[in-house]
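Top to bottom, those sequences are chains A and B.
Positions 1 to 114 (my numbering) are the ones given, in order, by the first sequence.
Positions 1 to 115 (my numbering) are the ones given, in order, by the second sequence.
One structure is given below, encoded as structure tokens.
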Amino acid sequence: GENVEQHPSTLSVQEGDSAVIKCTYSDSASNYFPWYKQELGKRPQLIIDIRSNVGEKKDQRIAVTLNKTAKHFSLHITETQPEDSAVYFCAANKVTGGGNKLTFGTGTQLKVEL
Amino acid sequence: DSGVTQTPKHLITATGQRVTLRCSPRSGDLSVYWYQQSLDQGLQFLIQYYNGEERAKGNILERFSAQQFPDLHSELNLSSLELGDSALYFCASSVGVGTANYGYTFGSGTRLTVV
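Written out as structure tokens, the structure is:
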């Protein structure tokens, strides 16, 4: 099955700096890669996603890049703010039979310090 | 509010018992997914239903079962509960299935504590 590795597990940055989280996936058939932000005890919230036919996508301070050949994708957050502090999960979606499997990475605890 | 509704929010029960978790998908979404989130296992995919049919299965235990009803709400049944089943259970929904499926929206979860 699909395996998604995520690094780093914890990331501490100063307010205003950039943060980068990297993920690799194992199954070349995966076709959709969302990123989720989860605050403690709350639901995962979709912050950005990218499809396999696109190399890069940006939404204000957040961007995602995808390298299909290397099977890795990254989340970039610029001008970080304290409210960006949360756990971030990457995920890879694979079409399987008549359905879908969304496999998650193990998460990155981002802390933005003042 | 994501539009995906899960009940109950919290559930405390004893080992060996059976519980049912309920999920109503976002309006217009036909696919429902169940995920288990525990501290040591992260977010684990359990099962997907699309328009009443099971479409994909993950690491779901035989003690667990699910179904999706004609009104598209779904229930996850957990039986013979063990301490290790304590976790956050999330439901997610999306519009489609297969290659035309994007944009999973999660509900607020049910926190299950087995004592």
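Cβ coordinates follow ideal geometry from the N, Cα and C atoms, glycine included.
Small disclaimer: the values here were computed from a predicted structure and weren't measured.
Beta-carbon spacing of residue i, residue j below 9 Å
| i | j | result |
| --- | --- | --- |
| B/Thr113 | B/Ile12 | yes |
| B/Ser74 | B/Tyr49 | yes |
| A/Glu15 | A/Thr80 | yes |
| A/Tyr25 | A/His76 | no |
| A/Arg43 | B/Ser108 | yes |
| B/Leu88 | B/Arg111 | yes |
| B/Phe69 | B/Phe90 | no |
| A/Val87 | A/Glu56 | no |
Cβ-Cβ separation, residue j to residue i (assumed contact under 8 Å), whole Å
| i | j | result |
| --- | --- | --- |
| A/Thr78 | A/Ser18 | 5 Å |
| B/Gly98 | A/Gly41 | Not confirmed; about 33 Å, so no contact. |
| A/Thr130 | A/Ala91 | No answer is possible for residue 130 of chain A: the residues shown for chain A start at 1 and end at 114. |
Top-ranked residue by Cα proximity to residue i, from the options
| i | options | result |
| --- | --- | --- |
| B/Arg18 | B/Arg63, B/Glu54, B/Gln37 and B/Gly28 | B/Arg63 |
| B/Leu43 | B/Asp29, B/Ile60 and B/Arg55 | B/Ile60 |
| A/Ala63 | A/His7, A/Ile48 and A/Ser12 | A/Ile48 |
| A/Val112 | A/Tyr88, A/Leu11, A/Gln60 and A/Glu5 | A/Leu11 |
| B/Asp1 | A/Arg61, A/Leu46, A/Asp59 and A/Tyr88 | A/Leu46 |
| A/Trp120 | A/Asn53, A/Asn93 and A/Leu114 | The displayed coordinates of chain A run from 1 to 114. Any statement about residue 120 of chain A would go beyond what the structure contains. |
| A/Cys28 | A/Val95, A/His7 and A/Leu114 | According to the sequence displayed, residue 28 of chain A carries Ser and not Cys. The residue with the shortest Cα to Cα distance from A/Ser28 is A/Val95. |
| B/Ser94 | B/Ser86, B/Leu88 and B/Leu72 | B/Leu72 |
| B/Asn101 | B/Ala87, B/Leu88 and B/Leu30 | B/Leu30 |
| B/Gly84 | B/His10, B/Ser38 and B/Glu53 | B/Ser38 |
| A/Asp84 | A/Cys23, A/Pro8 and A/Lys37 | A/Lys37 |
| B/Phe45 | B/Gly52, B/Val32 and B/Phe69 | B/Val32 |
| B/Thr15 | B/Leu76, B/Ser86, B/Tyr104 and B/Gly103 | B/Ser86 |
| A/Asn3 | A/Cys23, A/Ser9 and A/Val13 | A/Cys23 |
Element boundaries [beta strand (DSSP E), containing residue i]
| i | result |
| --- | --- |
| A/Val87 | Ala86 to Thr96 |
| A/Arg51 | Gln45 to Arg51 |
| B/Arg26 | Unbroken run through B/Arg26: none, as it is neither H nor E. |
| B/Phe45 | Gly42 to Tyr50 |
| B/Lys57 | Glu53 to Lys57 |
| A/Gly99 | Gly99 to Phe104 |
| B/Tyr33 | Ser31 to Ser38 |
| B/Arg63 | Careful: B/Arg63 lies outside any beta strand (DSSP E) and carries neither H nor E. |
| A/Glu113 | Thr108 to Glu113 |
| A/Glu83 | Per DSSP, A/Glu83 belongs to no beta strand (DSSP E) and is neither H nor E. |
| A/Asp59 | Glu56 to Asp59 |
| A/Phe33 | Tyr32 to Gln38 |
The ligand GTP heavy atom lying under 8 Å from the CB of residue i
| i | result |
| --- | --- |
| B/Leu83 | For the ligand GTP, the structure offers nothing, since it holds no ligand at all. |
State whether the region 2 to 16 of chain B contacts the region 57 to 68 of chain A, with contact taken as three or more CB pairs (one from each stretch) at a distance under 8 Å. no
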